[in-house]
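Residue 11 in the working numbering is what sits at position 5 of the sequence shown, and the numbering runs on without skipping anything.
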Amino acid sequence: MKPILFLIFLITATTTITVAQSRTRDVLFPHFAEDKAKMDAKAAKEDNSAPKQNGRSSKEMIFTNYRAQSANQKAQPLAAQSRKQSNALASDISAQTALEKEKAKTTTIPTLTLPTQGEEPKANSKATTGQLKKH
Numbered sequence: 007m008k009p010i011l012f013l014i015f016l017i018t019a020t021t022t023i024t025v026a027q028s029r030t031r032d033v034l035f036p037h038f039a040e041d042k043a044k045m046d047a048k049a050a051k052e053d054n055s056a057p058k059q060n061g062r063s064s065k066e067m068i069f070t071n072y073r074a075q076s077a078n079q080k081a082q083p084l085a086a087q088s089r090k091q092s093n094a095l096a097s098d099i100s101a102q103t104a105l106e107k108e109k110a111k112t113t114t115i116p117t118l119t120l121p122t123q124g125e126e127p128k129a130n131s132k133a134t135t136g137q138l139k140k141h
């Protein structure tokens with residue numbers, strides 16, 4: 007019984023609230039219905055077709071200093087330019103040849119021993135075995 011009464015209370019409360027809001031709206035905005043009808047008529051009249059193109063691409067509109075890329079030598083990626091200059095990829099060279107080139111590039115650096123200030127003398131203390139007595 008209580009859920010039914012609660013449900014009836016909610017329905018009447020929401021109904022009275024919406025009626026009170028519409029009355030307040032009509033008092034505060036007496037021409038609300040007319041204005042809403044005008045806006046709906048204007049929206050119906052407006053053309054919903056695709057927007058017209060103005061001759062400029064979106065990149066030109068966003069980036070004001072945009073210049074289209076040309077198909078000359080500068081437009082090629084750097085990797086393609088370097089391949090044309092060297093005419094050989096790293097994978098084209100045999101492993102032995104690559105190893106020899108790497109060895110020729112590297113120079114042998116003699117190992118250096120860092121100077122030290124000497125070691126700390128070790129104390130002649132016996133390690134205690136067993137438990138420590140508490141005083």
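For every residue, glycine included, the Cβ atom is placed at its ideal position computed from N, Cα and C.
None of the values given here were measured: they were computed from a predicted structure.
Does the CB of residue i have a neighbour CB from chain C at under 8 Å?
i, result
"K42", "Annotation note: the requested chain C is absent from the structure, which comprises a single protein chain."
Would you report the Cα separation of residue i and residue j, rounded to the nearest angstrom?
i, j, result
"T112", "E125", "36 Å"
"D32", "V25", "11 Å"
"P9", "A19", "15 Å"
"T22", "K51", "36 Å"
"E40", "A47", "11 Å"
"E108", "L120", "28 Å"
"A110", "L118", "22 Å"
"K44", "E66", "38 Å"
"R29", "H37", "13 Å"
"P116", "Q102", "25 Å"
"K128", "D98", "60 Å"
"M7", "L16", "15 Å"
"I68", "K42", "36 Å"
"T122", "L105", "37 Å"
"K142", "N71", "This structure does not reach residue 142, given that the chain is present from 7 up to 141, and the question cannot be answered."
"R73", "F35", "54 Å"
Exercise. Counting only runs of 4+ residues fully inside the stretch 9 to 63, write out the alpha helix (DSSP H) ranges in chain order.
Key: 38 to 51
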